[in-house]
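K.L.:
Residue numbers (UniProt numbering): 1 to 466. Don't be surprised by glycine CBs; every beta carbon is placed ideally from N, CA and C.
Set out below in structure tokens:
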């Protein structure tokens with residue numbers, strides 16, 4: 001029923017577009033009749049006939065494809081350059097003004113003036129793809145920079161804490177996060193590339209180009225030819241935009257599939273878990289105007305378990321952030337030896353486009369088999385394997401996925417920040433049992449509001465206020 005309604009809606013939309021197009025073709029025909037001269041304004045019928053004549057000639061396709069190649073070359077180089085410049089600015093913020101000043105000038109400068117300068121410097125053979133490059137580079141760059149600024153720092157932090165490699169981080173988070181910004185920019189950049197490319201051809205007149213044919217049509221007053229080449233450019237521009245946007249849309253899920261490619265094999269890497277020694281000396285952290293953990297001290301030996309049961313605002317999350325290396329203390333020292341950490345964070349941090357199994361494998365790397373990941377997930381969340389992306393799961397299910405990820409990732413210290421939030425009593429107890437079973441001698445620090453977790457986890461209780 002729903003599919004039938006969608007087909008009806010799509011059919012009505014297509015019909016409406018066709019009627020609007022026919023309306024403007026009629027206006028065009030009436031204008032041509034009113035002018036009364038095919039030399040000044042060819043009608044739609046004469047244009048269609050001339051376009052049909054041109055399409056069947058080999059020369060037409062060599063000209064159209066030649067211009068397409070030059071436009072595609074300029075656009076591709078601009079995309080690569082914009083990506084490199086955006087990455088450079090993201091890594092070295094001091095370069096932002098140095099790079100954005102000339103790009104801002106290029107963005108505002110009249111394209112015809114730039115084309116004339118390029119023609120003087122480069123000649124007609126190179127002016128087209130360089131003009132396209134200059135025309136689209138600023139919009140692509142600013143879109144990518146904005147995408148990098150909007151990148152979720154918490155998800156990036158989670159991936160770094162679990163030691164996910166840089167290429168897998170790029171595929172799992174960075175590229176999918178940049179896609180909406182890049183897609184929005186390309187909706188205008190593709191059209192701008194064709195307009196600037198044909199304008200450069202019209203000024204530079206390289207042989208066998210669309211711009212050259214448009215110029216010849218103007219000289220000979222062949223408006224039917226002029227309209228035919230204009231329609232050709234519009235169709236090619238629209239087709240390039242649709243194809244490129246489709247490729248971009250497909251690349252997001254594909255990148256995330258590649259992020260977990262090769263993981264979960266039948267032969268794990270052999271990376272094992274250890275037991276960390278935790279030493280905290282006179283620790284103090286200042287958040288805004290508030291001092292947290294002033295003078296706090298802690299020592300945990302290998303394999304010890306600690307459950308902190310302070311109330312909200314006491315600094316439990318801050319302490320776990322310091323132990324994971326995410327927060328730098330204002331004074332004092334916190335040492336974790338060995339330093340491998342796995343964690344459940346206070347807020348949910350999952351790669352939304354990946355399944356529960358893939359989220360676990362992404363953090364675990366090659367140290368866990370796919371069968372073990374599936375068995376652990378099914379133990380806590382029956383039916384979750386094959387349920388699709390984690391964005392479809394409930395809050396409690398997502399929390400348990402994070403718990404499996406933290407316990408299966410090889411580490412020396414496990415940090416769990418309110419790991420049992422949003423769970424009912426039965427799920428809470430099952431998760432505690434899972435933690436005890438999968439801890440494998442590692443040191444454990446848990447932040448919880450439930451004092452019963454001390455007994456459930458066979459741990460020592462503690463309070464930051466003590």
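Hey, residue 74 and residue 132: beta-carbon distance below 8 Å or not?
P.N.:
Translated into positions along the chain shown, residue 74 becomes position 74. Translated into positions along the chain shown, residue 132 becomes position 132. Yes, they are a contact pair.
K.L.:
Check whether the region 133-142 touches the region 219-237, counting contact only when three or more Cβ pairs, one atom from each stretch, lie closer than 8 Å.
P.N.:
They do not touch, by the three-pair rule.
K.L.:
Threshold first: 4 residues or longer. Then list the alpha helix (DSSP H) segments lying entirely within the region 179-238, N to C.
P.N.:
Listed in chain order, they are 210-219.
K.L.:
Assign residue 263 to one of three DSSP states: helix, strand, or coil.
P.N.:
Numbered from its first residue, the chain shown carries residue 263 at position 263. In this structure, residue 263 counts as coil in the three-state DSSP scheme.
K.L.:
Let me make sure I understand the geometry here. Which of 284, 338 and 304 has the alpha-carbon closest to that of residue 319?
P.N.:
As a position in the chain shown, residue 319 is number 319, starting the count at 1. Checking every option, the nearest Cα to that of residue 319 belongs to 284.
K.L.:
Under the assumption that residue 431 contacts residue 400 (Cβ atoms under 8 Å), give the Cβ distance between them as a whole number of angstroms.
P.N.:
On the chain shown, position 431 is the one that residue 431 refers to. On the chain shown, position 400 is the one that residue 400 refers to. About 6 Å; that satisfies the 8 Å criterion.
K.L.:
If we require 4 or more residues per run, which alpha helix (DSSP H) segments fall completely within the region 254-329?
P.N.:
Counting only runs of 4 or more, we get 316-323.
K.L.:
What number of angstroms, rounded off, separates the C-alpha of residue 309 from the C-alpha of residue 108?
P.N.:
Taking the chain shown and counting its residues from 1, one reaches residue 309 at position 309. Taking the chain shown and counting its residues from 1, one reaches residue 108 at position 108. Each residue's Cα considered, the two are about 59 Å apart.
K.L.:
Would you say the region 345-359 touches the region 376-390, given that touching needs at least three Cβ pairs under 8 Å?
P.N.:
Counting Cβ pairs under 8 Å, three or more are found: they touch.
K.L.:
Should residue 453 be labelled buried (16 or more other beta-carbon atoms within 10 Å of its own) or exposed?
P.N.:
Against the chain shown, residue 453 aligns to sequence position 453. Classification for residue 453: buried.
K.L.:
Who does residue 123 pair with in a DSSP beta bridge?
P.N.:
Counting from one through the chain shown, the residue named residue 123 turns up at place 123. Answer is none; residue 123 lacks a bridge partner.
K.L.:
What span of residues does the alpha helix (DSSP H) with residue 85 cover, start to end?
P.N.:
Reading the chain shown from its first residue, position 85 is the one you call residue 85. 58-91 is the span of the alpha helix (DSSP H), which, as asked, contains residue 85.
K.L.:
Looking at the structure shown, is residue 389 part of a helix, part of a strand, or coil, going by DSSP?
P.N.:
Here the question's residue 389 lines up with position 389 in the chain shown. Note: residue 389 maps to strand in three-state DSSP.
K.L.:
Given a threshold of 16 other Cβ atoms within 10 Å of its Cβ, counted over all protein chains shown, does residue 57 qualify as buried or as exposed?
P.N.:
Taking the chain shown and counting its residues from 1, the one referred to as residue 57 is at position 57. Per the 10 Å Cβ criterion, exposed.
K.L.:
At the level of alpha carbons, what is the spacing between residue 264 and residue 119?
P.N.:
On the chain shown, position 264 is the one that residue 264 refers to. On the chain shown, position 119 is the one that residue 119 refers to. Cα to Cα, residue 264 sits roughly 56 Å from residue 119.
K.L.:
Return the CA-CA distance between residue 124 and residue 173, expressed in angstroms with no decimal places.
P.N.:
For the purposes of this step, residue 124 is identified with residue 124 of the chain shown, where counting begins at 1. For the purposes of this step, residue 173 is identified with residue 173 of the chain shown, where counting begins at 1. Using only the alpha carbons, I get a separation of about 42 Å.
K.L.:
Under 8 Å Cβ to Cβ from residue 403, same chain only, skipping five residues before and after it: list those, please.
P.N.:
Position 403 of the chain shown holds residue 403. Result list for residue 403: 344, 380, 416, 419, 431, 434 and 435, in chain order.
K.L.:
Anyone know if the C-beta pair for residue 334 and residue 292 falls short of 8 Å?
P.N.:
As a working mapping, residue 334 is identified with position 334 in the chain shown. As a working mapping, residue 292 is identified with position 292 in the chain shown. It is not a contact, given that the beta carbons lie outside the stated cut-off.
K.L.:
Relative to the alpha-carbon of residue 341, which residue among 213, 409 and 327 has its alpha-carbon at the smallest distance?
P.N.:
For the purposes of this step, residue 341 is taken as residue 341 along the chain shown, with counting starting at 1. Checked all of 213, 409 and 327; the closest Cα to residue 341 is 409.
K.L.:
Roughly how many angstroms lie between the CA atoms of residue 206 and residue 249, to the nearest whole one?
P.N.:
Numbered from its first residue, the chain shown carries residue 206 at position 206. Numbered from its first residue, the chain shown carries residue 249 at position 249. Approximately 35 Å between the Cα atoms of the pair.
K.L.:
Among 457, 331, 235 and 67, whose alpha-carbon lies nearest the alpha-carbon of residue 428?
P.N.:
Sequence index remark: in the chain shown, residue 428 carries index 428 (1-based). Ranking the options by Cα distance to residue 428, first place goes to 457.
K.L.:
Residue 150 to residue 178, Cα distance in whole Å?
P.N.:
Counted from its first residue, the chain shown places residue 150 at position 150. Counted from its first residue, the chain shown places residue 178 at position 178. Answer to the nearest angstrom: the Cα atoms are 9 Å apart.
K.L.:
Helix, strand or coil for residue 20 per DSSP?
P.N.:
For the purposes of this step, residue 20 is identified with residue 20 of the chain shown, where counting begins at 1. Reduced to three states, the DSSP call for residue 20 is helix.
K.L.:
With burial defined as no fewer than 16 other Cβ atoms inside 10 Å of the residue's Cβ, what is the status of residue 240: buried or exposed?
P.N.:
As a working mapping, residue 240 is identified with position 240 in the chain shown. It counts as buried.
K.L.:
Are the CB atoms of residue 446 and residue 307 nearer to each other than 8 Å?
P.N.:
Counting from 1 along the chain shown, the entry for residue 446 is found at position 446. Counting from 1 along the chain shown, the entry for residue 307 is found at position 307. Yes, these two residues count as a Cβ contact at 8 Å.
K.L.:
Would you mind sorting residue 286 into buried or exposed? The rule is 16 or more other CB atoms within 10 Å of its CB.
P.N.:
Locating residue 286 in the chain shown gives position 286, counting from the first residue. Result: exposed.
K.L.:
Based on Cα-Cα distance, which residue from 371, 93, 176 and 315 lies nearest to residue 247?
P.N.:
By one-based count along the chain shown, residue 247 stands at place 247. Closest option to residue 247, Cα to Cα, is 176.
K.L.:
Beta carbon of residue 42, beta carbon of residue 32: below 8 Å?
P.N.:
By one-based count along the chain shown, residue 42 stands at place 42. By one-based count along the chain shown, residue 32 stands at place 32. Contact: yes.
K.L.:
Is residue 443 helix, strand or coil by DSSP?
P.N.:
Counting from one through the chain shown, the residue named residue 443 turns up at place 443. Residue 443: strand per DSSP, three-state reduction.
K.L.:
Contact check, residue 237 vs residue 229 under 8 Å by CB: the rounded distance?
P.N.:
As a first step, residue 237 must be located in the chain shown, where it is residue number 237. As a first step, residue 229 must be located in the chain shown, where it is residue number 229. In fact, because the Cβ distance is near 12 Å, the residues do not count as touching under 8 Å.
K.L.:
Out of curiosity, what's the CA-to-CA distance linking residue 369 and residue 375?
P.N.:
In the chain shown, counting from the first residue as 1, residue 369 sits at position 369. In the chain shown, counting from the first residue as 1, residue 375 sits at position 375. Using only the alpha carbons, I get a separation of about 10 Å.
K.L.:
Taking C-alpha atoms, which residue in 197, 209, 169 and 271 lies nearest to residue 260?
P.N.:
Numbered from its first residue, the chain shown carries residue 260 at position 260. Out of 197, 209, 169 and 271, 169 has the C-alpha closest to the C-alpha of residue 260.
K.L.:
In this structure, how does DSSP classify residue 344 when only helix, strand and coil are distinguished?
P.N.:
Locating residue 344 in the chain shown gives position 344, where the first residue counts as 1. Of the three classes helix, strand and coil, the one that applies to residue 344 here is strand, per DSSP.
K.L.:
Go to residue 397, then tell me how far its alpha helix (DSSP H) extends in each direction, as first and last residue.
P.N.:
Along the chain shown, read from residue 1 onward, the residue named residue 397 stands at position 397. Residue 397 -> alpha helix (DSSP H) spans 395-408.
K.L.:
Look at the alpha carbon of residue 365 and the alpha carbon of residue 164, and state the distance between them as a whole number of angstroms.
P.N.:
The count along the chain shown starts at 1 and reaches residue 365 at position 365. The count along the chain shown starts at 1 and reaches residue 164 at position 164. Roughly 7 Å between the two C-alpha positions.
K.L.:
Looking at C-alpha atoms only, which residue of 329, 346, 301 and 116 is the closest neighbour of residue 313?
P.N.:
Start at 1 with the first residue of the chain shown, and residue 313 comes out as number 313. Closest option to residue 313, Cα to Cα, is 346.
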